[in-house]
Amino acid sequence: MSILLRVFLVVCALLVLVFMIRRIRKAEIHTRDTIFWFLLAACFVIIAAFPQIAFFLSRLLGIESPANFIFLFVIAVLFIREFTSTVEIAKLRERITTLAQELALAQAGTDNEDAIENRK
Amino acid sequence: MIIPAFNEEESIVATVDSLRGIASAVDYIVIDDGSIDSTNELCEEHGFPLIRLPINLGLAGGFQTGMKYALQKEYDAALQFDADGQHIPAFIQPMIQAMYETNADIVIGSRFAEGKKRFSARMVGSTLISGLIKLTTGKSIKDPTSGMRLYNRRMIELFANKQDMAPEPDSLAYCIRKGASIVEVSVEMQERLAGESYFSASQTVSYMLRICVSILILQWFR
Numbered sequence: 000m001s002i003l004l005r006v007f008l009v010v011c012a013l014l015v016l017v018f019m020i021r022r023i024r025k026a027e028i029h030t031r032d033t034i035f036w037f038l039l040a041a042c043f044v045i046i047a048a049f050p051q052i053a054f055f056l057s058r059l060l061g062i063e064s065p066a067n068f069i070f071l072f073v074i075a076v077l078f079i080r081e082f083t084s085t086v087e088i089a090k091l092r093e094r095i096t097t098l099a100q101e102l103a104l105a106q107a108g109t110d111n112e113d114a115i116e117n118r119k
Numbered sequence: 000m001i002i003p004a005f006n007e008e009e010s011i012v013a014t015v016d017s018l019r020g021i022a023s024a025v026d027y028i029v030i031d032d033g034s035i036d037s038t039n040e041l042c043e044e045h046g047f048p049l050i051r052l053p054i055n056l057g058l059a060g061g062f063q064t065g066m067k068y069a070l071q072k073e074y075d076a077a078l079q080f081d082a083d084g085q086h087i088p089a090f091i092q093p094m095i096q097a098m099y100e101t102n103a104d105i106v107i108g109s110r111f112a113e114g115k116k117r118f119s120a121r122m123v124g125s126t127l128i129s130g131l132i133k134l135t136t137g138k139s140i141k142d143p144t145s146g147m148r149l150y151n152r153r154m155i156e157l158f159a160n161k162q163d164m165a166p167e168p169d170s171l172a173y174c175i176r177k178g179a180s181i182v183e184v185s186v187e188m189q190e191r192l193a194g195e196s197y198f199s200a201s202q203t204v205s206y207m208l209r210i211c212v213s214i215l216i217l218q219w220f221r
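As you go down the protein sequences, you meet chains C and R in turn.
Taking numbering that gives the first Met the number 0, the leading residue of the first sequence gets 0, the next gets one more, and so forth.
Taking numbering that gives the first Met the number 0, the leading residue of the second sequence gets 0, the next gets one more, and so forth.
Given below as structure tokens:
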């Protein structure tokens, strides 16, 4: 694993860190949403610091170069992330739908009561 | 009777008026699915019973609101009816009749119950969906994409409480597999008076893809 790739990983980790801290300052994301990204950045730093890990794992999986292993690792992590995001979005959509429906039904209920009151 | 309406200012009044004349024995409710035109004002002006959704939920969410309302008010049956003037109120009574006689869970107002389908791109899609339903459930439904459907109490409960139940062909297949009986009654339909379909041409491909995948694959895990 070239020194360049290791530097690149550390730079990426720093960028993630800076980006997250700026967003938290602006209160655009919640702290609990950032944990994943901090862990990912930590992984980058660990692999950069101890390339042996990448060597070991790539040998284990029969991948020729550790750089390829890192690509695979990142892609896999992002896949999982994307999947959980899809689930999360579906949950949110369902909640919004239910809220809107309950609100509309409650509103229609009071409107009808008003109409009956007025008729009296 | 549930009339989901999204931006139907040009046709909603005509639709509801025509229905009040002929099918006066049924209650109806307009579901305004967060329209951004004057659909809401028109309905209030004319005193139509109305549920106004604060945001646009799409056909599935709008229709489900109607089902929840029907469940709350303890109706025995609910009819899905388009606001755009495609559906003809004169055919409502025969559908209700059919439900009484056959004790079906769902009665579909079918354009092809008798007679042949005219050949067009839409009909190809319809035939394909029919085929898939036949393949997966063994039941033959001639007009699965018809938007004029009558549901009994059991189906009202199902559609009101279960998420991911759009009033679309894949839900029909799901209901059949859950033991619902479906009957088709021959109806005619008109060209829409006005307004945009929920499915524009560009959305048709993704609609077909979604329905096909849903019937063929996802159905077994629901």
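Note that the Cβ used here is the ideal one computed from N, Cα and C, for glycine as well.
For residue i, three-class secondary structure by DSSP
{"i": "R:D222", "result": "No statement about residue 222 of chain R is possible, as the shown extent of chain R runs from 0 to 221 and does not include it."}
{"i": "R:S109", "result": "strand"}
{"i": "R:Q71", "result": "helix"}
{"i": "C:Q51", "result": "helix"}
{"i": "R:S185", "result": "strand"}
{"i": "R:L78", "result": "strand"}
{"i": "R:R148", "result": "strand"}
{"i": "C:L56", "result": "helix"}
{"i": "C:A89", "result": "helix"}
{"i": "C:L38", "result": "helix"}
{"i": "R:L52", "result": "coil"}
{"i": "R:I1", "result": "strand"}
Within-8 Å CB hit, residue i to chain C
{"i": "R:R209", "result": "no"}
{"i": "R:K67", "result": "yes"}
{"i": "R:G60", "result": "yes"}
{"i": "R:I105", "result": "no"}
{"i": "R:Q63", "result": "yes"}
{"i": "R:R221", "result": "no"}
{"i": "R:R51", "result": "yes"}
{"i": "R:Q85", "result": "no"}
When the options are compared against residue i, the one with the closest alpha-carbon
{"i": "R:K72", "options": "R:G130, R:R110 and R:I155", "result": "R:I155"}
{"i": "R:N160", "options": "C:T96, C:E87, C:R21 and C:V86", "result": "C:T96"}
{"i": "R:V106", "options": "R:I175, R:G84, R:G57 and R:F47", "result": "R:I175"}
{"i": "R:S80", "options": "R:P168, R:C211, R:M0 and R:S201", "result": "Checking the sequence, you will find Phe at residue 80 of chain R rather than Ser. Comparing Cα positions, the closest option is R:M0."}
{"i": "C:A66", "options": "C:L77, C:Q51, C:R80 and C:A12", "result": "C:Q51"}
{"i": "R:M94", "options": "R:Q218, R:I210 and R:I181", "result": "R:I181"}
{"i": "R:E7", "options": "R:A76, R:L41, R:T101 and R:L70", "result": "R:L41"}
{"i": "R:S109", "options": "R:E167, R:E183 and R:I91", "result": "R:E183"}
{"i": "R:R153", "options": "R:G137, R:A179, R:K141 and R:T135", "result": "R:A179"}
{"i": "C:I45", "options": "C:I23, C:C11 and C:H29", "result": "C:C11"}
{"i": "C:W36", "options": "C:S57, C:A26, C:L13 and C:A48", "result": "C:L13"}
Residue-level contact to chain R via CB, residue i, 8 Å cutoff
{"i": "C:Q51", "result": "no"}
{"i": "C:L102", "result": "yes"}
{"i": "C:E27", "result": "no"}
{"i": "C:T96", "result": "yes"}
{"i": "C:E93", "result": "yes"}
{"i": "C:A99", "result": "yes"}
{"i": "C:A107", "result": "yes"}
Distance CB(residue i)-CB(residue j) smaller than 8 Å
{"i": "C:I62", "j": "C:F68", "result": "yes"}
{"i": "R:D83", "j": "R:N151", "result": "no"}
{"i": "C:F43", "j": "C:L71", "result": "no"}
{"i": "R:I35", "j": "R:P3", "result": "no"}
{"i": "R:Q202", "j": "R:Q85", "result": "no"}
{"i": "R:I91", "j": "R:V15", "result": "no"}
Contacts that residue i makes with chain B (C-beta to C-beta distance below 8 Å)
{"i": "R:I54", "result": "Considering every chain present, this structure includes no chain B. Its protein chains are C and R."}
Next on the checklist: Tell me whether the stretch 130-140 of chain R and the stretch 208-215 of chain R touch, counting them as touching only if at least three CB pairs, one residue from each stretch, are closer than 8 Å.
Outcome noted: They touch, by the three-pair rule.
### Query
Just checking, does the stretch 51-71 of chain R make contact with the stretch 15-22 of chain R on the three C-beta pairs under 8 Å criterion?
Look at the beta carbons and you see the stretch 51-71 of chain R not touching the stretch 15-22 of chain R: under three pairs across the two are nearer than 8 Å.
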